[in-house]
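J.: A single structure is presented below for examination.
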């Protein structure tokens, strides 16, 4: 692997290699000395054109735990736009000698453009591009599911059912998860009103229902993944997609009553940041079933694994 | 196999001897921890620990054997990325213990150097000793082994392969010359 741009590019073996590597990385994080010398002398650039708290910090921590030097580039507030500006930024970073670039951008395809335009020699990790993909989030979700429910699955995630609930239309997390979890053998149910499902969803390898109650009746859900309502991506405003926040909560929100209807082993996930009281109630978010905080710490192990596999040694072309 | 320089009985004898040498050198099995370097150092470590337990009744082989993966401590060479191996340390930790590192083939010494770095990050043993099944020479670092199964003079272009029943289905040590062999 040279780049990580999309989970849809990953074969089953590649995905499992990342998850198994992450498990070894997690073990090293229980030690007194958590820093490993593996990427000493390598430079990793966090190139963030969009706001982020946990993803940027998570990548920074992961790179630092592997002894890489980290440069944070935040384009917020600058007049950076797509196209040539991305190119100039890339050329600058290349001239400064970066081995890996972690990019988040509001334009779908930005990571791929950076990786394939010949501007840079290093590896590119997509940390979220528009409404396209967010592969490390899906990998940490798969890792979390496997850790809690792996014993119930047949091989990777075969036999498990994952429900992804909410704003699928604008969610790169949902896209990456559908591709990855399908590759790993899980069954997926998307739960969203028709206005929040993307065009062409009927060609995806998933079932779709429109309310969370329908999903809980129709299938035994092993992992329930709540999505954030992405108001910042709703062109035309919220009212173009759903009538009111309270209606959204009523049809798609996870509250204590719905939580109680899940099987005992089921876990509740959320990629963060959460809108408490909207897509998920405080009771659900803070319940023992919730693995939301654990997702964050698993994110570090998974990103360490990705950086290790992309940057250590000389990549096979 | 044309190049077989050790067969299963030779290997068993060498491991038995090393086990006794370890006990002799350390005056018994108190505080002894056997750490194998994956992949093939680990089964060798387990066999050695088993041999020690068979002569020292209060040595708990299971509890005092572990694995230390060195992949993340290697020199960043121009090699392809390696899959990580397993690291599992005895529950009692390695602080103040006598650690015997076990590997299959002792060559440049770089693996052992990496293992010493890895050990440094997980604790502070009282002493670290090195046991290897085969010493093929060509050291590139000032590192030596304390216990050697067999000294095997080789040329640099040859490859020494240790095959183990647990990993390869059979016990043998073979030398592959560059003009023959089964390069993948």
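Chains as they are written, first to last, in our numbering: chain A, 710 to 1026; chain B, 135 to 318. Ideal placement from N, C-alpha and C gives every residue a C-beta, glycine not left out.
Quick one, which of 219(B), 263(B), 289(B), 234(B) has its alpha-carbon nearest residue 242(B)'s?
T.: As a first step, residue 242(B) is located in the second chain; it is residue number 108 there, counting from the start. That would be 289(B), whose Cα lies nearest to the Cα of residue 242(B).
J.: Along the region 183-206 of chain B, what residues have a CB closer than 9 Å to any CB found in chain A?
T.: 203, 205, 206
J.: Under DSSP, the alpha helix (DSSP H) around residue 175(B) begins and ends at which residues?
T.: Indexing the second chain from 1 puts residue 175(B) at position 41. Taken as a continuous stretch (DSSP letters only), the alpha helix (DSSP H) holding residue 175(B) covers 175-189.
J.: Kindly give me the distance between the Cβ atoms of residue 885(A) and residue 857(A), rounded to whole angstroms, as I take these residues to be in contact under 8 Å.
T.: Locating residue 885(A) in the first chain gives position 176, counting from the first residue. Locating residue 857(A) in the first chain gives position 148, counting from the first residue. Incorrect: roughly 19 Å between the Cβ atoms, too far for contact.
J.: From which residue to which residue does the beta strand (DSSP E) around residue 951(A) run?
T.: Position 242 of the first chain, counting from 1, holds the residue named residue 951(A). Counting along the chain, residue 951(A) falls outside any beta strand (DSSP E), and DSSP gives it neither H nor E.
J.: Ends of the beta strand (DSSP E) at residue 310(B)?
T.: Counting from one through the second chain, the residue named residue 310(B) turns up at place 176. Note, residue 310(B): beta strand (DSSP E), 306-310.
J.: Could you confirm whether any beta carbon from chain A is found closer than 7 Å to the beta carbon of residue 255(B)?
T.: Indexing the second chain from 1 puts residue 255(B) at position 121. Taking a beta-carbon distance threshold of 7 Å, residue 255(B) counts as an interface residue toward chain A.
J.: With DSSP as the reference, label residue 315(B) as helix, strand or coil.
T.: What you label residue 315(B) is simply residue 181 of the second chain in a count that begins at 1. Residue confidence for residue 315(B) is low, a pLDDT of 49 falling below 50, so the modelled location carries little weight; the figure read from the coordinates is stated next. Reduced to three states, the DSSP call for residue 315(B) is coil.
J.: Residues of the region 754-782 of chain A with a CB closer than 9 Å to any CB of chain B: list them in chain order, please.
T.: For the region 754-782 of chain A, which is checked against every Cβ of chain B, the residues closer than 9 Å are 775.
J.: Could you tell me whether the region 846-853 of chain A touches the region 724-731 of chain A, where touching means 3 or more Cβ pairs closer than 8 Å?
T.: yes
J.: In whole angstroms, what separates the C-alpha of residue 249(B) from that of residue 927(A)?
T.: What you label residue 249(B) is simply residue 115 of the second chain in a count that begins at 1. What you label residue 927(A) is simply residue 218 of the first chain in a count that begins at 1. Their Cα atoms are separated by approximately 53 Å.
J.: Could you tell me if residue 925(A) is buried or exposed, where buried requires 16 or more neighbouring beta carbons within 10 angstroms of its beta carbon?
T.: The residue labelled residue 925(A) in the question sits at position 216 within the first chain. Buried.
J.: Applying a beta-carbon distance threshold of less than 7 Å, which residues of chain B neighbour residue 736(A)?
T.: Along the first chain, read from residue 1 onward, the residue named residue 736(A) stands at position 27. Those are 221, listed as they occur along chain B.
J.: Assign residue 1008(A) to one of three DSSP states: helix, strand, or coil.
T.: Residue mapping note: residue 1008(A) aligns to position 299 of the first chain, counting from 1. If DSSP states are grouped into helix, strand and coil, residue 1008(A) belongs with the helices.
J.: May I have the straight-line CA-CA distance separating residue 976(A) from residue 891(A), to the nearest angstrom?
T.: As a working note, residue 976(A) is residue 267 in the first chain. As a working note, residue 891(A) is residue 182 in the first chain. Their Cα atoms are separated by approximately 18 Å.
J.: Return the residues of the region 225-253 of chain B that lie within a Cβ-Cβ distance of less than 8 Å from chain A, sorted by chain order.
T.: Listed in sequence order: 251.
J.: Output the distance between the C-alpha atoms of residue 154(B) and residue 144(B), rounded to the nearest integer angstrom.
T.: For the purposes of this step, residue 154(B) is taken as the residue at position 20 of the second chain. For the purposes of this step, residue 144(B) is taken as the residue at position 10 of the second chain. Near 16 Å, if we compare the C-alpha coordinates of residue 144(B) and residue 154(B).
J.: Whose C-alpha, out of 271(B), 270(B), 266(B), 278(B), is nearest the C-alpha of residue 177(B)?
T.: The residue labelled residue 177(B) in the question sits at position 43 within the second chain. Per the Cα distances, 266(B).
J.: Under 7 Å between C-beta atoms, does residue 317(B) make it to chain A?
T.: Reading the second chain from its first residue, position 183 is the one you call residue 317(B). Annotation note: pLDDT 45 at residue 317(B) (below 50); position unreliable, coordinate value reported separately. No, residue 317(B) lies away from the interface with chain A (no Cβ there is under 7 Å from its Cβ).
J.: Let me make sure I understand the geometry here. Which of 158(B), 252(B), 301(B) has the alpha-carbon closest to that of residue 238(B)?
T.: The residue you call residue 238(B) lines up with position 104 of the second chain. The candidate whose alpha carbon is nearest that of residue 238(B) is 301(B).
J.: Whose CA, out of 848(A), 841(A), 794(A), 738(A), lies closest to the CA of residue 720(A)?
T.: The sequence position of residue 720(A) within the first chain is 11, counting from 1. Residue 848(A) is the option with its Cα nearest to residue 720(A).
J.: Cα separation between residue 1014(A) and residue 735(A)?
T.: For this step, residue 1014(A) is matched to residue 305 along the first chain. For this step, residue 735(A) is matched to residue 26 along the first chain. Between residue 1014(A) and residue 735(A), the C-alpha separation is close to 9 Å.
J.: Just to check my reading of the structure: residue 879(A) and residue 901(A) have Cβ atoms closer than 8 Å, yes? What is that Cβ distance to the nearest angstrom?
T.: Here residue 879(A) refers to the residue found at position 170 when the first chain is read from its first residue. Here residue 901(A) refers to the residue found at position 192 when the first chain is read from its first residue. No, residue 879(A) and residue 901(A) are not in contact; Cβ-Cβ is about 10 Å, not under 8 Å.
J.: Against residue 150(B), what residues of chain A qualify as contacts under a CB-to-CB distance less than 8 Å, listed in chain order?
T.: Start at 1 with the first residue of the second chain, and residue 150(B) comes out as number 16. The contacting residues do not exist; residue 150(B) stays about 33 Å from chain A at best.
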